[in-house]
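One structure is given here, and the rest of the page talks about it.
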Amino acid sequence: MRITVVHSHAPRQLWLRELDLDSGATVREALAASGLLDAFPTLDLGACTVAVWGQRAQPTERLREGDRVEVCRPLKVDPKVARRERFRAQGMRTAGLFAQAKAPKKN
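Under my numbering, the first residue of the sequence shown is numbered 827, with each subsequent residue one higher.
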(Lines of atoms letter the chains of each structure in order from A and count residues from 1; the text may use other names and numbers.)
(Lines give C-alpha, C1' and ligand atoms only; values in the text may rest on other atoms or scores of the structure.)
Protein backbone atom coordinates (compact mmCIF):
# COMPACT_ATOMS: atom_id res chain seq x y z
CA MET A 1 0.00 0.00 0.00
CA ARG A 2 1.16 3.55 -0.74
CA ILE A 3 1.74 5.86 2.27
CA THR A 4 3.12 9.39 2.47
CA VAL A 5 5.11 10.68 5.46
CA VAL A 6 5.53 14.45 5.81
CA HIS A 7 7.31 16.71 8.26
CA SER A 8 7.80 20.47 8.30
CA HIS A 9 11.08 21.01 10.13
CA ALA A 10 10.96 24.79 9.69
CA PRO A 11 8.43 27.34 8.42
CA ARG A 12 7.84 26.88 4.68
CA GLN A 13 10.11 23.80 4.61
CA LEU A 14 8.59 20.40 3.77
CA TRP A 15 10.19 16.95 3.98
CA LEU A 16 8.11 14.31 2.17
CA ARG A 17 8.60 10.59 1.52
CA GLU A 18 6.29 8.25 -0.34
CA LEU A 19 6.51 4.63 0.76
CA ASP A 20 5.22 1.24 -0.37
CA LEU A 21 4.41 -0.74 2.78
CA ASP A 22 2.78 -4.08 3.48
CA SER A 23 -0.94 -4.10 4.12
CA GLY A 24 -1.71 -3.51 7.80
CA ALA A 25 1.43 -1.45 8.51
CA THR A 26 1.30 0.82 11.55
CA VAL A 27 2.19 4.47 12.02
CA ARG A 28 5.37 3.39 13.87
CA GLU A 29 6.43 1.17 10.96
CA ALA A 30 5.81 3.96 8.45
CA LEU A 31 7.93 6.40 10.46
CA ALA A 32 10.75 3.85 10.74
CA ALA A 33 10.65 3.03 7.02
CA SER A 34 10.56 6.68 5.98
CA GLY A 35 14.05 7.52 7.24
CA LEU A 36 12.71 10.55 9.11
CA LEU A 37 14.98 10.08 12.12
CA ASP A 38 17.99 9.60 9.84
CA ALA A 39 17.19 12.89 8.10
CA PHE A 40 16.54 14.70 11.41
CA PRO A 41 18.60 12.99 14.13
CA THR A 42 17.74 15.65 16.74
CA LEU A 43 13.98 15.27 16.20
CA ASP A 44 12.22 14.15 19.39
CA LEU A 45 9.13 12.24 18.29
CA GLY A 46 7.90 12.29 21.89
CA ALA A 47 7.59 16.09 21.72
CA CYS A 48 5.91 16.03 18.30
CA THR A 49 2.31 15.29 17.43
CA VAL A 50 1.82 12.51 14.89
CA ALA A 51 -1.36 12.59 12.84
CA VAL A 52 -2.98 10.79 9.91
CA TRP A 53 -4.73 13.29 7.65
CA GLY A 54 -4.77 15.86 10.48
CA GLN A 55 -6.27 13.52 13.09
CA ARG A 56 -4.00 12.64 16.01
CA ALA A 57 -2.77 9.04 15.70
CA GLN A 58 -1.22 6.48 18.04
CA PRO A 59 1.97 4.64 16.97
CA THR A 60 0.05 1.34 16.87
CA GLU A 61 -2.70 2.66 14.57
CA ARG A 62 -3.05 0.68 11.34
CA LEU A 63 -2.73 2.59 8.10
CA ARG A 64 -4.79 2.31 4.93
CA GLU A 65 -3.95 2.80 1.28
CA GLY A 66 -3.20 6.47 0.51
CA ASP A 67 -2.86 7.62 4.13
CA ARG A 68 -0.71 10.65 4.89
CA VAL A 69 1.26 10.48 8.15
CA GLU A 70 2.11 13.97 9.43
CA VAL A 71 4.76 14.69 12.04
CA CYS A 72 3.99 18.12 13.52
CA ARG A 73 6.61 20.05 15.44
CA PRO A 74 5.62 21.44 18.85
CA LEU A 75 4.20 24.96 19.03
CA LYS A 76 6.64 27.63 20.18
CA VAL A 77 3.87 29.89 21.47
CA ASP A 78 0.45 29.03 22.82
CA PRO A 79 -2.06 30.36 20.23
CA LYS A 80 -4.24 31.89 22.95
CA VAL A 81 -1.28 33.81 24.39
CA ALA A 82 -0.24 35.00 20.91
CA ARG A 83 -3.77 36.23 20.21
CA ARG A 84 -3.89 38.16 23.49
CA GLU A 85 -0.52 39.77 22.74
CA ARG A 86 -1.63 40.81 19.22
CA PHE A 87 -4.84 42.25 20.67
CA ARG A 88 -2.89 44.16 23.33
CA ALA A 89 -0.41 45.51 20.75
CA GLN A 90 -3.04 46.53 18.16
CA GLY A 91 -5.49 48.02 20.58
CA MET A 92 -9.16 47.35 21.08
CA ARG A 93 -10.43 49.45 18.18
CA THR A 94 -8.31 47.80 15.46
CA ALA A 95 -8.54 44.10 16.35
CA GLY A 96 -11.11 41.36 15.99
CA LEU A 97 -14.80 42.09 16.55
CA PHE A 98 -14.06 45.66 17.62
CA ALA A 99 -12.39 46.63 14.32
CA GLN A 100 -13.94 49.56 12.51
CA ALA A 101 -15.06 48.52 9.04
CA LYS A 102 -13.78 50.93 6.44
CA ALA A 103 -16.33 52.10 3.91
CA PRO A 104 -15.35 51.47 0.28
CA LYS A 105 -14.22 54.57 -1.62
CA LYS A 106 -16.69 55.95 -4.16
CA ASN A 107 -15.36 57.06 -7.51
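Virtual Cβ for every residue (Gly too), placed ideally from N, Cα, C.
Give me whichever residues DSSP pairs with Cys898 in a beta bridge. DSSP lists Thr875 as partners of Cys898.
Span separating the alpha-carbon of Phe866 from that of Arg843: Each residue's alpha carbon lies about 13 Å from the other.
In the DSSP assignment, what residue or residues form a beta bridge with Glu952? This structure does not reach residue 952, given that the chain is present from 827 up to 933, and the question cannot be answered.
How many Å lie between Asp904 and Gly880 at the Cα? A direct Cα-to-Cα measurement between Asp904 and Gly880 gives close to 19 Å.
Based on the DSSP secondary-structure assignment, which residues constitute the bridge partners of Arg888? According to DSSP, which records beta bridges pairwise, Arg888 is partnered with Thr852.
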